[in-house]
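Heads up: the structure comes next, in structure tokens.
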Amino acid sequence: RKEICKGCNTNIPPQLYNDIRSNKDDIFTCYYCSRFLFYSDASAQDGAKKADGERA
Numbered sequence: 101r102k103e104i105c106k107g108c109n110t111n112i113p114p115q116l117y118n119d120i121r122s123n124k125d126d127i128f129t130c131y132y133c134s135r136f137l138f139y140s141d142a143s144a145q146d147g148a149k150k151a152d153g154e155r156a
């Protein structure tokens, strides 16, 4: 989230962050802790949560 690895709380290098955002089908790992990294669009998640809430 916001260019920070949630595993080790370190900043993801800007080029890696840009690669993750532009290549959503590729697998990336954190340089420091080797966790898998992916980009999740927060606005899409918020929309899904609202839609689920409306159905209930």
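Using the working numbering, you'd call the opening residue of the sequence shown number 101 and step up by one each time.
For every residue, glycine included, the Cβ atom is placed at its ideal position computed from N, Cα and C.
Since the model is a prediction, treat every value here as computed from it, not as a measurement.
Under the DSSP definition of a beta bridge, residue 137 partners with 128. Straight-line measurement puts the Cα of residue 105 at about 18 Å from the Cα of residue 125. Boundaries of the alpha helix (DSSP H) harbouring residue 120: 114-122, taken from the DSSP string. Around the beta carbon of residue 127, a 10 Å sphere encloses fewer than 16 other beta carbons of the protein chains shown; the residue is thus reported as exposed.
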